[in-house]
Each structure stands twice: as structure tokens, then as C-alpha cells.
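Single-structure report; data block below.
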Amino acid sequence: MNNSSAAFDYFSSNKLFDSLYSLKTQQLSGKHWTPMAVAQKASAFLAADPGSKILDIGSGVGKFCFIAANLFEKNVFCGIEQRKELINEAEKVKLILEIENVSFIHGDFTKLNFDHYQHFYFYNSFFENLVEDEDYLIDNNATNSGLYQHYTDELHKMLNGRPSGTKVATYQSDHYEIPVGYQLLESHFNKKLNFWLKK
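Residues in the sequence shown are numbered from -8 upward in steps of one, following our numbering.
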């Protein structure tokens, strides 16, 4: 675990960790960012293999990645996010926390080479394309069910091509992105957090 005094203080509570971000981002935390307890539980499942690299698909301001990386220094956590403004917030927080085993990519996850990652975290980041969200952090475009389906299909295809032993943690998901070759191992937080393993 990161043992700097600043990092220890920030990781002592969900509210204190959120204080690292802008006021608007803090106000959206309960709706859009992974709660600390969920991140801790999910990362323990995904990081059971030391040295593995874990990708957060639609990482937002990086909250899951930071909490996970602080707990599991022998693993690498990477987040990919399309919204540059959210990446900028994540990079600012990274400078404050000085955590080395975390990184962020600004881009479209469908263009990524998934061979670089062993396990995956997904907090239903495509759902924004189905509902109008007046309080969304950045330029919420018109709803687009076609885009939601496209991203879901692409993630399904990617996960289907991963090798046996691949782990996926999903939060607040309908699980349409999970192929039939994955076994549901555990559910937590009223079945909102689910752990999957490729057979």
C-alpha cells in the first residue's frame, strides 16, 4: 500500500478521497464514480495475480484505478476514457497522490490492443448513451441507443476473445457485454458488483 502521509489520509474515507477533485466532480461522485468500498472489493478480485495489468473501461476521473493501485502495488491499473476533461482531472490527482502503478489513456476503447491487459473492470460507462443526464460532468450529447449497442457489442466481442482465466468485475451493469463463456463467481452490494471468470 502507498505509504505517503498524503495518500494515507486521502484513502481513509470516500468523502476525503473525493475532495481531491473539483467541486463539480465531487457533487457527481455518488452517481458516476465507483464508491471506495466497491473499488476495494473489485480490485481484490482482479489483482489476485501479482504483476497482472488491469484495465478500467470508461475510467472517468480515475477513482477506481487510484484506489486499486494504492492497495495493490504489484499490479498495474490503467484507465481509458474518451472525455479529455476527465482525463485531465485524473492526471492532476495522480500528481498529488504520487502513485506510480496507474496510468490513463485518452481514447476510444474499441481502438485499444487488449492483449496488453489480463483483467478488466467495467462500471457501465455506456449507459450515458441511453438516458439524458442533465447533471453530467461534460457535454452530454443527445441519447444514442445505437452507440450504446455498438459499444456493448464491441466489449462483448473483445471479452469473448480473451483467454481462459480472464477476470471481469462489473458494477451497475445489465451484463449484456458478458459472453456465455464467462462464469459468474460472486455477487456483492445487492448484486450490483459481479465477478466473472472466463472458463
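Think of the CB as a built atom: it goes at the ideal place given N, C-alpha and C, for glycine as much as any other residue.
Bridge partner(s) assigned by DSSP for residue i
i	result
Glu145	None; Glu145 has no bridge partner.
Phe111	Leu46, Val159
Contact under 8 Å by Cβ, residue i with residue j
i	j	result
Val29	Phe57	no
Ser34	Phe2	no
Tyr139	Asp47	no
Asp40	Gln109	yes
Leu188	Gln174	yes
Ser43	Asn61	no
Phe68	Ile45	yes
Glu168	Leu146	yes
Between the CA atoms of residue j and residue i - distance to the nearest angstrom
i	j	result
Leu121	Tyr114	The predicted model places Leu121 with a pLDDT of 44, which falls under 50 and marks its position as unreliable, so this point remains unresolved.
Ile78	Tyr12	12 Å
Ala133	His141	Confidence at Ala133 is low in this model, with a pLDDT of 47, below 50, so the placement of that residue should be treated as unreliable; the coordinate-derived value is given next. If you take the alpha carbons of Ala133 and His141, they lie about 16 Å apart.
Asn151	Phe100	15 Å
Glu125	Thr25	Reliability fails at Glu125, whose pLDDT of 48 lies under 50, so the model's placement of it is uncertain and the value that follows must be treated cautiously. When rounded, the distance between both Cα atoms is 20 Å.
Gly172	Ser155	9 Å
Ala59	Asn92	10 Å
Asp0	Leu7	8 Å
Gln31	Gly137	33 Å
Val52	Lys190	32 Å
Cβ distance (whole Å) where residue i is taken to contact residue j below 8 Å
i	j	result
Glu82	Phe95	6 Å
(message) Suppose only complete runs of 3+ residues qualify. What are the beta strand (DSSP E) ranges in the stretch -5 to 36, listed by chain order?
(response) none
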